[in-house]
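K.L.:
At position 139 of the sequence shown (counting the first as 1) the number is 287 in my numbering, and the numbers step up by one without a gap.
In this text, a Cβ means the ideal position worked out from N, Cα and C, and glycines have one as well.
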Amino acid sequence: MFTLMPLNINYSFNFGVLLLVILIIQILSGFFLVFFYQNSNDFVFFSMNYIYNEVFFGNLLRNVHCIGANFFFLFVFLHIFKTYFYSNFKNLYILISGILMFFLLCGIGFLGYVLPWGQMSLWGATVITNLLSVFPYSNVFLFYIWGDFAVSNVTMLRFFSLHYFLPFVLLGLVFFHFNILHLFGSSVTSFSLYFLDFITMFPFFIFVDIFIIILFVFFFIFVLFFFPFFFFEHDNFILANSLVTPNHIKPEWYFLFPYAVLRIFTSKSFGVFMLIISILSFFFLSLFKFNIKLTSKFNDFFISFFVFFFIILTFCGGSLVAYPFTEISIFVTFIFFILIFIYYIYYFFLFYFFS
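1) Taking the alpha-carbon of F385 as reference, which of S160, F368, L270 and F450 has the nearest alpha-carbon?
2) Compute the beta-carbon to beta-carbon distance between M196 and P264, rounded to the nearest angstrom, for a pair I have assumed lies under 8 Å.
3) Could I get the ranges of all uninterrupted beta strand (DSSP E) runs contained in the stretch 269-351, with 3 residues as the minimum, in chain order?
4) If we ignore side chains and look at the alpha-carbon of each, how far apart do F450 and E381 end up?
5) Thinking just about the alpha-carbon of each residue, which of N389, N201, L280 and F180 is nearest to the one in F418?
6) May I have the straight-line CA-CA distance separating H227 from S160, to the nearest angstrom?
7) Can you tell me whether I440 is helix, strand or coil according to DSSP?
8) Would you mind sorting F496 into buried or exposed? The rule is 16 or more other CB atoms within 10 Å of its CB.
9) Helix, strand or coil for A408 per DSSP?
10) Can you tell me where the alpha helix (DSSP H) holding D514 begins and where it ends?
11) In or out: K441 buried (at least 16 other Cβ within 10 Å) or exposed?
12) So what's G466 in DSSP terms, helix, strand or just coil?
13) Does the Cβ of S477 have 16 or more other Cβ atoms within 10 Å, making it buried, or fewer, making it exposed?
14) Name the one or two DSSP bridge partners that G266 has.
15) When burial is assigned at 16 or more other CB atoms within 10 Å of the CB, is E400 buried or exposed?
16) With a threshold of 7 Å on Cβ separation, who are the neighbours of T274 within its own chain once the five nearest residues in sequence on each side are excluded?
17) Go through its chain and collect everything with a Cβ distance to D357's Cβ below 7 Å, but skip five positions before and after it.
18) Roughly how many angstroms lie between the CA atoms of L331 and S309, to the nearest whole one?
19) What number of angstroms, rounded off, separates the C-alpha of F297 from the C-alpha of F367?
20) So N189 and Y200 are in contact, right, with Cβ under 8 Å, and what is the actual spacing, rounded?
21) Leaving out five residues before and five after I397 in sequence, what residues of the same chain have Cβ atoms less than 6 Å from its Cβ?
22) What residue range does the alpha helix (DSSP H) around L155 cover?
23) Under a three-way DSSP split, which group does F380 fall into?
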């Protein structure tokens, strides 16, 4: 409570508290949704309609869970952008726990997207899980994931069990992340050795956290009541049918960035390889220990272009596979990997000559 905190912390450092609040909201809303959820592909779609139409405040409960998931990923991306903007990764435990939480969160989000058992749920699960077929012994892996020779009722049962269990694992990683952060401090802001450059966490930063949480709650309620279906996919309001393919199969918006990279390649194996590289390339910077004074100007340039390319690829990933979106995706992906290459060359130079 009375931990010394650097004076140069700004509002971008409140995303961690917001993420914890949203995680608690997600666990509680999901816990109450399970009371009325039928985990069988014969009844699950109708149980979702039952929750929406018959359960007391069931429509709000489901909307809270859906909107909360989207805000969760939004703040996770902002939290990651903030970390790379300051570009100082001296505490390996904090970074590794953050990377594990990100991949675990992606898995939880994908599993939850399948559970409504609409058209996009079924075909999204089919397409994404089929990406594993590029690896050796993929038929064995796919059989253990599906529990059958295709996405079926057994698959949905397994996904439901994992979606219910993994958030508690994520919560444990969050507390580990917080404990390491408060034990060793954040290397992002602790650049000064002078005692006068620090103030106590309470009451200054605690009040700022409370203020940010109140603002978020008001904005969350505004979206909940005025734009409740903004994050929903209209094809998911149609019962899953393995004989009818949607016009455009796509994941949720938080997976569209790597999905846009994946689908521009005609080779499935190479597309999956580039998808993995596009995600992992941002986590290799933990190998570098460098002076932030030498990198701040370059980071301003890089993070601006990265956010721009991230938004463009997200937009193209959610668009139809047609002109001009495919051509834009190819061009932006090429520039993106060129920028990543320059970024690593720059830091490699700093690492060996100025660290």
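P.N.:
Considering the structure as presented:
1) In the sequence shown, the residue the question calls residue 385 occupies position 237. The residue among S160, F368, L270 and F450 with its C-alpha nearest the C-alpha of F385 is L270.
2) Numbered from its first residue, the sequence shown carries residue 196 at position 48. Numbered from its first residue, the sequence shown carries residue 264 at position 116. For M196 against P264, the beta-carbon gap comes to about 5 Å, under 8 Å, which counts as contact.
3) Counting only runs of 3 or more, we get 346-348.
4) In the sequence shown, residue 450 corresponds to position 302, counting from 1. In the sequence shown, residue 381 corresponds to position 233, counting from 1. Annotation: F450 to E381 spans about 33 Å, alpha carbon to alpha carbon.
5) Numbered from its first residue, the sequence shown carries residue 418 at position 270. If you compare the alpha carbons of N389, N201, L280 and F180 with that of F418, the shortest gap goes to L280.
6) Residue numbering aside, residue 227 sits at position 79 when the sequence shown is read from its first letter. Residue numbering aside, residue 160 sits at position 12 when the sequence shown is read from its first letter. One C-alpha to the other measures close to 7 Å.
7) Numbered from its first residue, the sequence shown carries residue 440 at position 292. Here I440 scores only 48 on pLDDT, less than 50, and its place in the model is too uncertain to base an answer on.
8) Position 348 of the sequence shown, counted from the start, is the residue given in the question as residue 496. Within 10 angstroms of the beta-carbon of F496 lie fewer than 16 other beta-carbons, which makes it exposed.
9) In the sequence shown, the residue the question calls residue 408 occupies position 260. Judged by DSSP in its simplified three-state form, A408 adopts helix.
10) It is not possible to answer for residue 514, since the shown part of the chain is limited to 149 through 503.
11) Numbered from 1 along the sequence shown, position 293 holds the residue referred to as residue 441. At K441 the pLDDT is 47, less than 50, meaning the model places this residue with poor confidence and gives no usable figure here.
12) Residue 466 sits at position 318 when you count from the first residue of the sequence shown. It is coil, neither helix nor strand.
13) Numbered from 1 along the sequence shown, position 329 holds the residue referred to as residue 477. When all chains shown are included, S477 counts as buried.
14) Reading the sequence shown from its first residue, position 118 is the one you call residue 266. The partner list for G266 (beta bridge, DSSP) reads L387.
15) Position 252 of the sequence shown, counted from the start, is the residue given in the question as residue 400. The C-beta of E400 has 16 or more other C-beta atoms within 10 Å across all chains shown, which makes the residue buried.
16) Sequence index remark: in the sequence shown, residue 274 carries index 126 (1-based). Counting only residues of its own chain and dropping the five nearest sequence neighbours on each side, T274 has a CB closer than 7 Å to the CB of V299.
17) As a first step, residue 357 must be located in the sequence shown, where it is residue number 209. Taken in chain order, the residues that qualify are N162 and V165.
18) Counting from 1 along the sequence shown, the entry for residue 331 is found at position 183. Counting from 1 along the sequence shown, the entry for residue 309 is found at position 161. C-alpha separation (whole angstroms): 34 Å.
19) Taking the first residue of the sequence shown as 1, we reach residue 297 at position 149. Taking the first residue of the sequence shown as 1, we reach residue 367 at position 219. Approximately 44 Å, taken between the alpha carbons.
20) Locating residue 189 in the sequence shown gives position 41, where the first residue counts as 1. Locating residue 200 in the sequence shown gives position 52, where the first residue counts as 1. N189 to Y200, Cβ: 18 Å. No contact.
21) Against the sequence shown, residue 397 aligns to sequence position 249. Hits under 6 Å: W271 and V275.
22) Counting from 1 along the sequence shown, the entry for residue 155 is found at position 7. It is not in any alpha helix (DSSP H) - L155 carries neither H nor E in the DSSP assignment.
23) As a position in the sequence shown, residue 380 is number 232, starting the count at 1. In this structure, F380 counts as coil in the three-state DSSP scheme.
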